[in-house]
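Only one structure is covered here, and it is reproduced in the block below.
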Amino acid sequence: MIFTPLLNLGIKVLNLFAGTKSFSVLNYHRVMPNADLSSEQALTPELFEQQLVWLKRHFKVLPLPEAFALAQAKQLPRNAVVITIDDGFYDCFAYVYPLLKKHQLTATFFISTAGLEQGYLWENQISYAICHAPQDLMRLQLQQNTFLIGTTVQRRASIAAITELTKYQTLQQRQLMINDILAQCHCPAHLHQFLTREQVNIMHQNGMTIGAHTVHHPILALETLATAQQEISDSKLLLEQITHSPIEFFAYPNGKYQQDFTDDHVAIVRDLGFKAAFSTEWGVAQPEIDCVYKLKRFTPWDRSPGKFCLRLAINALAERYHFKFFKSRVRQHVS
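When you read off a place in the sequence shown, starting at 1, and then add 423, the result is the number in the numbering used here.
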């Protein structure tokens, strides 16, 4: 789809009504040319680059520290947008970072630091084991549940179901379940799907912002407060050692307020000295109005420039003017 003059005009008109007290924060995860069975929602590098072009054409893309400072100073430009990428998988350096540099843009990378040590996160172990299980293995048993893996379709579905089931466990219980899966699949997880310390430092030295995302990517609300504090503080400390700079921003794993994190975790983040923290609740970041430790983000995954830019523009208006009708429609994952 090519931008038409009418579409260009429509987006420009919508952006004229955008406020100067908030900015949109895009929440990405994976960008890769050949998604595996566990990453089918990943964007291709070609689509991600197209989205960068659309953003540059119609919005003001800012580094997170600059956008946050301008918001606090009440000097934000209209249509401000920040790009964030969660977790820290290898494609951040292989695809995202080069494309950002090509288009002279920056982003914030929220990194779960266990991946820097191990080369993977917990969900990678699940998908790798099931993808590489013996072809004659037809099913897995987990917590009295049976998961069929005899065909590619069944493996894809089982990876999604087991990942969701395992996600909402404590770190200890999660690891026991993963060990059970690895044993049944006869497949030790010798894989590397994550950034290295050197790559993190290279990105930081070249203008990218590095943020913390815990160590093991737990559901903080399921852990003791002592464990939650250690998860957050240890990730911050390690990233500061790598970058030799303060780590000022944090993103909650999974990120749903009162489901995945609570006010107790907000207090931990504040007390550890972060400037701001981000959820995955849909909306816009309004540091002057909302709690700066529960700022919202947005995920327009649309494959066409019209839907992508229109939803992003309307999302900002829906938040500013409290248009519930628009909120329910622009905050749906569409293609």
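Cβ atoms here follow ideal geometry from the backbone N, Cα and C, with glycine treated the same way.
Proximity to Ile655 [Cα-Cα], best of Arg720, Ala690, Glu489 and Gln622:
Working through the sequence shown from its first residue, we reach residue 655 at position 232. Nearest option by C-alpha distance: Ala690.
First through last residue of the alpha helix (DSSP H) which encompasses Ser668:
In the sequence shown, counting from the first residue as 1, residue 668 sits at position 245. From DSSP, Ser668 is part of no alpha helix (DSSP H); its letter is neither H nor E.
Where Asp683 sits in the DSSP three-state scheme:
Indexing the sequence shown from 1 puts residue 683 at position 260. In the structure shown, Asp683 sits in coil (DSSP, three-state: anything other than H, G, I, E or B).
Which parts of the segment 538–581 are runs of the beta strand (DSSP E), unbroken and 3 residues or longer, counting only runs that do not cross its ends?
Here the runs fully enclosed are 562–565 and 568–571.
Can you have a look at Glu587 and say buried or exposed, based on whether 16 or more other CB atoms are within 10 angstroms of its CB?
Numbered from its first residue, the sequence shown carries residue 587 at position 164. Exposed, since its Cβ has fewer than 16 Cβ neighbours within 10 Å.
Exposed or buried, Pro641, counting other C-beta atoms within 10 Å across all chains shown (16 or more means buried)?
As a first step, residue 641 must be located in the sequence shown, where it is residue number 218. Buried, by the Cβ-count rule.
Hey, quick one: how far does the beta strand (DSSP E) through Lys719 stretch, first residue to last?
Here the question's residue 719 lines up with position 296 in the sequence shown. That run of the beta strand (DSSP E) goes Leu718 to Arg720.
Do you know whose CA, among Gly538, Gln664 and Glu704, lies nearest Lys679's CA?
Here the question's residue 679 lines up with position 256 in the sequence shown. Distances from the CA of Lys679 to each of Gly538, Gln664 and Glu704 were compared; the closest alpha carbon is that of Glu704.
To which residues does DSSP link Phe512 through a beta bridge?
As a working note, residue 512 is residue 89 in the sequence shown. Bridge partners of Phe512 according to DSSP: Phe617.
Going by DSSP in three states, Ser702 sits in which element: helix, strand or coil?
Stepping through the sequence shown from its first residue, residue 702 is reached at position 279. Strand at Ser702.
Taking the alpha-carbon positions, what's the Lys525 to Val476 distance?
Taking the sequence shown and counting its residues from 1, the one referred to as residue 525 is at position 102. Taking the sequence shown and counting its residues from 1, the one referred to as residue 476 is at position 53. Each residue's alpha carbon lies about 11 Å from the other.
Out of Lys730, Tyr551, Thr575 and Asn629, which one is the CA nearest neighbour of Asn602?
Within the sequence shown, the letter at position 179 stands for residue 602. Ranking Lys730, Tyr551, Thr575 and Asn629 by Cα distance to Asn602 puts Tyr551 first.
Drop a sphere of 10 angstroms on the beta-carbon of Lys497, count the other beta-carbons inside from all chains shown, and report buried for 16 or more, exposed for fewer.
As a position in the sequence shown, residue 497 is number 74, starting the count at 1. Its Cβ having fewer than 16 others within 10 Å, Lys497 is exposed.
Can you tell me which of the three DSSP states Gly634 falls into?
The residue labelled residue 634 in the question sits at position 211 within the sequence shown. Correct three-state label for Gly634: strand.
Starting from the C-beta of Leu662, find all residues in its chain whose C-beta is less than 7 Å away, skip the five residues before and the five after it, and write them out in chain order.
Numbered from its first residue, the sequence shown carries residue 662 at position 239. Counting only Cβ-Cβ distances below 7 Å, and skipping sequence neighbours, we find Ile534, Thr536, Ile633, Ala635 and Ile670.
For Lys483, which residues in the same chain have their Cβ closer than 7 Å to its Cβ, ignoring the five residues on either side in sequence?
Locating residue 483 in the sequence shown gives position 60, counting from the first residue. Here the set comprises Pro500, Asn502, Ala503 and Val504.
Does the beta-carbon of Glu646 have 16 or more other beta-carbons within 10 angstroms, so that it is buried, or is it exposed?
The residue given as residue 646 occupies position 223 in the sequence shown. That one is buried.
Thr539 and Arg620: beta carbons closer than 8 Å?
Along the sequence shown, one-based indexing puts residue 539 at 116. Along the sequence shown, one-based indexing puts residue 620 at 197. Before going on, a small fix: residue 539 reads as Leu here, not Thr. Contact flag set, yes.
Using DSSP bridges, identify the partner residues of Thr507.
On the sequence shown, residue 507 is found 84 positions in, with the first residue counted as 1. In the DSSP output, where bridge partners are listed per residue, Thr507 has Asn450 and Thr531.
Would you decide whether Leu546 is buried or exposed? Buried here means 16 or more other CB atoms lie within 10 Å of its CB.
Within the sequence shown, the letter at position 123 stands for residue 546. Sequence inspection shows Glu at residue 546; the Leu mentioned does not correspond to that position. Label assigned to Glu546: buried.
Going by the beta-carbon positions, is the gap between Ile585 and Ile549 smaller than 8 Å?
To locate residue 585, count along the sequence shown from 1; it is residue 162. To locate residue 549, count along the sequence shown from 1; it is residue 126. Yes, the Cβ-Cβ distance between Ile585 and Ile549 is below 8 Å.
Could you check where the alpha helix (DSSP H) with Gln598 kicks off and where it finishes?
Within the sequence shown, numbered from 1, the residue matching residue 598 stands at position 175. Start and end: Leu594 to Cys608.
Using only the alpha-carbon positions, how far apart do Ser727 and Ile506 sit?
Here residue 727 corresponds to residue number 304 of the sequence shown, with the count starting at 1. Here residue 506 corresponds to residue number 83 of the sequence shown, with the count starting at 1. Taking the straight line from one Cα to the other gives about 18 Å.
Which first and last residues belong to the alpha helix (DSSP H) in which Lys524 is found?
The residue you call residue 524 lines up with position 101 of the sequence shown. Here the alpha helix (DSSP H) through Lys524 covers Tyr520 to Lys525.
Specify the secondary structure class of Val484 as computed by DSSP and reduced to three states.
What you label residue 484 is simply residue 61 of the sequence shown in a count that begins at 1. Note: Val484 maps to strand in three-state DSSP.
For a quick check, are the C-beta atoms of Thr700 and Phe721 less than 8 Å apart?
Here residue 700 corresponds to residue number 277 of the sequence shown, with the count starting at 1. Here residue 721 corresponds to residue number 298 of the sequence shown, with the count starting at 1. Residue identity differs from the one stated: residue 700 is Ala in this sequence, not Thr. Their beta carbons are not under 8 Å apart, which means Ala700 does not touch Phe721 by this criterion.
Is the Cβ-Cβ distance between Leu648 and Asp687 less than 8 Å?
Residue mapping note: residue 648 aligns to position 225 of the sequence shown, counting from 1. Residue mapping note: residue 687 aligns to position 264 of the sequence shown, counting from 1. For Leu648 and Asp687, yes; Cβs fall inside 8 Å.
Can you tell me which of the three DSSP states Ala644 falls into?
For the purposes of this step, residue 644 is taken as residue 221 along the sequence shown, with counting starting at 1. Secondary structure at Ala644: helix, using DSSP grouped into helix, strand and coil.
Going by C-alpha distance, which of Ile665, Gly542 and Ile712 is nearest Tyr513?
Residue numbering aside, residue 513 sits at position 90 when the sequence shown is read from its first letter. Here the closest residue by C-alpha is Gly542.
Pull up the distance between the alpha-carbon of Ala492 and that of Leu485, whole angstroms please.
As a working note, residue 492 is residue 69 in the sequence shown. As a working note, residue 485 is residue 62 in the sequence shown. In this structure, the straight-line span from the alpha carbon of Ala492 to that of Leu485 is close to 11 Å.
Local conformation of Ala708 per DSSP, three classes:
Your numbering for residue 708 matches position 285 in the sequence shown. In the three-state DSSP reduction, Ala708 falls in the strand class (E or B).
Sort Thr650, Arg597 and Ser668 by Cα distance to Met631 and report the nearest one.
Along the sequence shown, one-based indexing puts residue 631 at 208. Its Cα nearest to that of Met631, the residue Ser668 stands out among Thr650, Arg597 and Ser668.
Which same chain residues end up closer than 6 Å to Tyr518 when comparing Cβ atoms and leaving out the 5 residues on each side of it in sequence?
Numbered from 1 along the sequence shown, position 95 holds the residue referred to as residue 518. Correct list, in chain order: Val454 and Pro468.
In DSSP terms, what Ala494 is bridged to
Counting from one through the sequence shown, the residue named residue 494 turns up at place 71. Ala494 is not bridged to any residue.
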